[in-house]
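A.B. asks: This is the structure I want to talk about, given as structure tokens.
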Amino acid sequence: EPDLVAVRRMEALLAWQVNLGPKSAAAELGVLPLLEPMLHELTECLQGGDLFGCI
Numbered sequence: 001e002p003d004l005v006a007v008r009r010m011e012a013l014l015a016w017q018v019n020l021g022p023k024s025a026a027a028e029l030g031v032l033p034l035l036e037p038m039l040h041e042l043t044e045c046l047q048g049g050d051l052f053g054c055i
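Under full-length UniProt numbering, the residues of the sequence shown are numbered 1 to 55, in order.
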């Protein structure tokens with residue numbers, strides 16, 4: 001069973017990196033373009049309440 005607190009923390013970490021944009025560690029590593037759709041999908045899943053379908 002997914003841990004909702006852990007998933008929310010992951011969402012917050014993704015949002016933090018995406019919001020930092022070019023200053024983020026994710027941008028330095030070249031993975032920022034991958035994080036943006038991941039954050040969008042995770043946020044949609046959490047809002048829709050289908051946590052099992054997300055993970």
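Virtual Cβ for every residue (Gly too), placed ideally from N, Cα, C. This one's a predicted model, so the numbers in the text were calculated from it and none came from an experiment.
Kindly indicate which three-state DSSP category Val31 falls into: helix, strand or coil?
C.D. replies: In the structure shown, Val31 sits in coil (DSSP, three-state: anything other than H, G, I, E or B).
A.B. asks: Under 8 Å Cβ to Cβ from Met38, same chain only, skipping five residues before and after it: list those, please.
C.D. replies: Once the five neighbours on either side are set aside, the close Cβ partners of Met38 are Leu14.
A.B. asks: Check whether the Cβ atoms of Gln47 and Leu35 lie closer than 7 Å to each other.
C.D. replies: No, the pair does not count as a contact, with Cβ atoms beyond the cut-off.
A.B. asks: So for Gly49, helix, strand or coil by DSSP?
C.D. replies: Coil, per DSSP.
A.B. asks: So, is Leu4 buried or exposed, given that buried needs 16 or more other C-beta atoms within 10 angstroms?
C.D. replies: So Leu4 ends up on the exposed side.
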